[in-house]
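Novice: Numbering (the numbering used here), first residue to last: 541 to 988.
Have a look at this one.
Pasting the structure below:
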């Protein structure tokens, strides 16, 4: 990488999240952001001993958190430990229950979870929401499944186009742990919001309420997607701790890496950062398969363009200090006639917006894909122009030469066979690890 610049929830109360005018579906992130969330005094729930979360202390006073429009000052406190970019899914199912498994990067206390209705066309109500550390399969550690609240309420309604953060839970989650988030959607319908390619087995259930159970026997069905949850944040042990957002397409989403093993390149990066023990510890995988830098996708499972979703997925997220942009190949292979100048302008717009939010920007060169059915000489020529620009200009804080890492020395237009996941576009596990290992950790944080 080249551096360029320096258990009983009690009485039910409903909490309705209100949007902020001016950030409707046509706004910069395509969503309306939630209003104020208040965490009340911690009572008996703080003293549950066997924890989700090894409970360290009971929070004595009320904590108030205010959410803001995307990219605005005053992002939620804490640092991301996990994230997955939301996209439009199939129709939501009324009465469905989900137990979703997410893998943390940085450890910390007071975990909060963000729920998304970004692509919904009607309000989304969640009336039983729990979280706990997983033991195995769909089973949680005994006594460790805890009810989430939203402004002190155990039920929340999220308007269409909005997201909402939970109140903090007492205790802590460790780094590299599997967190199970269980929820029920009593009246869901219309497009759901979530992440299609989780590469992680999660669980579904129908019938009686299963969300509060520690056991996994009733969660007999599986899903390969994450539904309605898109981020988890913690209060890090060291106040200066930050996170890296990996922004990209299927190569970042992990296609061709081994499922249920956390072998996407951002996963390998998270383990490197944890071992190094520096200021950057959190890693958020904000890749969407099929995503483009410039143009939105269409239909279910298609994401908004990277430029379109930058605010929601990066700039508004807590503790993000660095964004690694690895994109462009889908713009090329779509054969829309995109030029190098257009792609470069997209890179520059993203860098300008991220720098304005005081984030470091690491631009990754576009990796080779000769042998993929949509490869042609015109796309290869544009790829070469864009990569030359990225390597030689000073508009980014650093450049990650992923092209050089993955290419075949004997045929630089192709992936090196040792790294090829089999389709000549996506790296397999070895290639994913090589990408993470190629990053100079010292250059990821430019202290803007």
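Glycine included, every Cβ here is placed at the ideal spot set by N, Cα and C.
Remember, it's a predicted structure, so these values are computed and weren't measured experimentally.
Would you call residue 982 buried or exposed, if buried means 16 or more other Cβ atoms sit within 10 Å of its Cβ?
Specialist: Here residue 982 is taken as the residue at index 442 of the chain shown, counted from 1. Its Cβ having fewer than 16 others within 10 Å, residue 982 is exposed.
Novice: Taking Cβ positions, are residue 629 and residue 734 nearer each other than 8 Å?
Specialist: The residue given as residue 629 occupies position 89 in the chain shown. The residue given as residue 734 occupies position 194 in the chain shown. For residue 629 and residue 734, yes; Cβs fall inside 8 Å.
Novice: Spatial neighbours of residue 645 within its chain, please: CB distance less than 6 Å, with the 5 preceding and 5 following residues excluded, ordered by chain position.
Specialist: Position 105 of the chain shown holds residue 645. The answer, listed in chain order, is 621, 810, 822 and 823.
Novice: Would you mind giving the Cβ-Cβ distance between residue 641 and residue 674, rounded to the nearest angstrom? I have them listed as a contact below 8 Å.
Specialist: As a position in the chain shown, residue 641 is number 101, starting the count at 1. As a position in the chain shown, residue 674 is number 134, starting the count at 1. At roughly 6 Å, the Cβ-Cβ gap stays under 8 Å, so residue 641 and residue 674 are in contact.
Novice: Is residue 670 helix, strand or coil by DSSP?
Specialist: Locating residue 670 in the chain shown gives position 130, counting from the first residue. In this structure, residue 670 counts as strand in the three-state DSSP scheme.
Novice: Which residues bound the alpha helix (DSSP H) around residue 790?
Specialist: For the purposes of this step, residue 790 is taken as residue 250 along the chain shown, with counting starting at 1. 790 to 793 is the extent of the alpha helix (DSSP H) around residue 790.
Novice: Can you round the beta-carbon distance between residue 976 and residue 808 to whole angstroms, since I take them to be within the 8 Å contact cut?
Specialist: For the purposes of this step, residue 976 is taken as the residue at position 436 of the chain shown. For the purposes of this step, residue 808 is taken as the residue at position 268 of the chain shown. Between residue 808 and residue 976 the Cβ distance is about 3 Å, and since that is below 8 Å, they are a contact.
Novice: Could you give the distance in angstroms between the alpha-carbon of residue 952 and the alpha-carbon of residue 742?
Specialist: Position 412 of the chain shown, counted from the first residue, corresponds to residue 952. Position 202 of the chain shown, counted from the first residue, corresponds to residue 742. The straight-line gap from Cα to Cα measures roughly 39 Å.
Novice: Please list the segments of the beta strand (DSSP E) lying wholly inside the region 654 to 738, counting only runs of 3 or more residues, in order along the chain.
Specialist: Listed in chain order, they are 664 to 666, 668 to 676, 695 to 698, 702 to 705, 718 to 725 and 731 to 735.
Novice: May I ask you to report which of helix, strand or coil DSSP gives residue 912?
Specialist: Start at 1 with the first residue of the chain shown, and residue 912 comes out as number 372. Three-state DSSP puts residue 912 in a strand.
Novice: Can residue 618 and residue 859 be called in contact, C-beta distance under 8 Å?
Specialist: Working through the chain shown from its first residue, we reach residue 618 at position 78. Working through the chain shown from its first residue, we reach residue 859 at position 319. Yes, these two residues count as a Cβ contact at 8 Å.
Novice: Short of 7 Å in beta carbon distance, which residues of its chain neighbour residue 813, apart from the five on each side in sequence? Order them along the chain.
Specialist: Counting from 1 along the chain shown, the entry for residue 813 is found at position 273. Answer for residue 813: 820, 821, 823 and 981, listed in chain order.
Novice: What are the complete beta strand (DSSP E) segments, minimum 3 residues, inside the region 762 to 812?
Specialist: If we require 3 residues or more, the beta strand (DSSP E) runs fully inside the region 762 to 812 come out as 769 to 775 and 782 to 788.
Novice: Within 10 angstroms of the Cβ of residue 777, are there 16 or more other Cβ atoms? Answer buried if so, exposed if not.
Specialist: Translated into positions along the chain shown, residue 777 becomes position 237. Flag for residue 777 reads exposed.
Novice: Applying the criterion that 16 or more other CB atoms from any shown protein chain within 10 Å of the CB defines a buried residue, is residue 746 buried or exposed?
Specialist: The count along the chain shown starts at 1 and reaches residue 746 at position 206. Its Cβ having fewer than 16 others within 10 Å, residue 746 is exposed.
Novice: Just how far apart, CA to CA, sit residue 731 and residue 766?
Specialist: To locate residue 731, count along the chain shown from 1; it is residue 191. To locate residue 766, count along the chain shown from 1; it is residue 226. Going from the Cα of residue 731 to the Cα of residue 766 covers about 14 Å.
Novice: Can you find the residues in the same chain that come closer than 7 Å, C-beta to C-beta, to residue 649, ignoring five residues on each side of it along the sequence?
Specialist: For this step, residue 649 is matched to residue 109 along the chain shown. If we look at residue 649 and ignore the five residues flanking it on each side, its Cβ neighbours are 596, 711, 712, 774 and 775.
Novice: Less than 8 Å separating the beta-carbons of residue 827 and residue 728?
Specialist: For the purposes of this step, residue 827 is identified with residue 287 of the chain shown, where counting begins at 1. For the purposes of this step, residue 728 is identified with residue 188 of the chain shown, where counting begins at 1. Taking 8 Å as the Cβ cut-off, residue 827 and residue 728 do not qualify as a contacting pair.
Novice: So who's on the other strand from residue 820, going by DSSP bridges?
Specialist: Stepping through the chain shown from its first residue, residue 820 is reached at position 280. Bridge partners of residue 820: 782.
Novice: Would DSSP call residue 743 helix, strand or coil?
Specialist: What you label residue 743 is simply residue 203 of the chain shown in a count that begins at 1. Strand at residue 743.
Novice: Jot down the residue ranges of each uninterrupted beta strand (DSSP E) in the region 828 to 896, minimum 3 residues, whole runs only, in chain order.
Specialist: The qualifying runs are 860 to 866.
Novice: Pick helix, strand or coil for residue 934, following the three-state DSSP scheme.
Specialist: Locating residue 934 in the chain shown gives position 394, where the first residue counts as 1. Residue state, collapsed to three classes: coil.
Novice: How big is the Cα-Cα spacing for residue 552 and residue 668?
Specialist: Indexing the chain shown from 1 puts residue 552 at position 12. Indexing the chain shown from 1 puts residue 668 at position 128. Bear in mind that a pLDDT of 39 at residue 552, under 50, signals an unreliable position, so the number given afterwards is only what the model happens to contain. About 10 Å.
Novice: Measuring straight from C-alpha to C-alpha, what distance separates residue 664 and residue 855?
Specialist: Residue numbering aside, residue 664 sits at position 124 when the chain shown is read from its first letter. Residue numbering aside, residue 855 sits at position 315 when the chain shown is read from its first letter. Those two C-alpha atoms are separated by around 24 Å.
Novice: Report yes if the C-beta of residue 676 is less than 7 Å from at least one heavy atom of the ligand NAD; otherwise report no.
Specialist: Looking at this structure, you won't find the ligand NAD or any other ligand, since it has none at all.
Novice: Under the three-state reduction of DSSP, which class applies to residue 550: helix, strand or coil?
Specialist: Position 10 of the chain shown holds residue 550. Legend: pLDDT at residue 550 = 36, less than 50; position of this residue unreliable, no value from coordinates given.
Novice: Pick helix, strand or coil for residue 976, following the three-state DSSP scheme.
Specialist: For the purposes of this step, residue 976 is taken as residue 436 along the chain shown, with counting starting at 1. The answer is helix: DSSP assigns residue 976 an H, G or I state.
Novice: If we ignore side chains and look at the alpha-carbon of each, how far apart do residue 719 and residue 740 end up?
Specialist: Translated into the one-based positions of the chain shown, residue 719 becomes position 179. Translated into the one-based positions of the chain shown, residue 740 becomes position 200. So the alpha carbons of these two residues sit roughly 12 Å apart.
Novice: Using the three-state DSSP reduction, which class does residue 969 fall into: helix, strand or coil?
Specialist: Sequence index remark: in the chain shown, residue 969 carries index 429 (1-based). Helix at residue 969.
Novice: For a quick check, are the C-beta atoms of residue 974 and residue 770 less than 8 Å apart?
Specialist: What you label residue 974 is simply residue 434 of the chain shown in a count that begins at 1. What you label residue 770 is simply residue 230 of the chain shown in a count that begins at 1. Cβ distance not < 8 Å, so residue 974 and residue 770 don't count as in contact.
Novice: Are the beta-carbon atoms of residue 637 and residue 750 separated by less than 8 Å?
Specialist: The residue given as residue 637 occupies position 97 in the chain shown. The residue given as residue 750 occupies position 210 in the chain shown. Cβ atoms of residue 637 and residue 750: closer than 8 Å.
Novice: In the structure shown, what three-state DSSP assignment does residue 919 receive?
Specialist: Here residue 919 refers to the residue found at position 379 when the chain shown is read from its first residue. Looking at residue 919 - three-state DSSP - the assignment turns out to be helix.
Novice: Let me make sure I understand the geometry here. Which of 958, 941, 954 and 837 has the alpha-carbon closest to that of residue 978?
Specialist: Here residue 978 refers to the residue found at position 438 when the chain shown is read from its first residue. Checked all of 958, 941, 954 and 837; the closest Cα to residue 978 is 941.
Novice: For residue 799, is the classification buried or exposed, using 16 other Cβ atoms within 10 angstroms of its Cβ as the cut-off for buried?
Specialist: Taking the chain shown and counting its residues from 1, one reaches residue 799 at position 259. Classification of residue 799: exposed, given that the 10 Å Cβ count is below 16.
Novice: What residue range does the alpha helix (DSSP H) around residue 639 cover?
Specialist: Looking up residue 639 in the chain shown gives position 99. Where residue 639 is concerned, there is no enclosing alpha helix (DSSP H), although the beta strand (DSSP E) it sits in stretches over 636 to 643.
Novice: DSSP three-state call for residue 899: helix, strand or coil?
Specialist: The count along the chain shown starts at 1 and reaches residue 899 at position 359. Reduced to three states, the DSSP call for residue 899 is coil.
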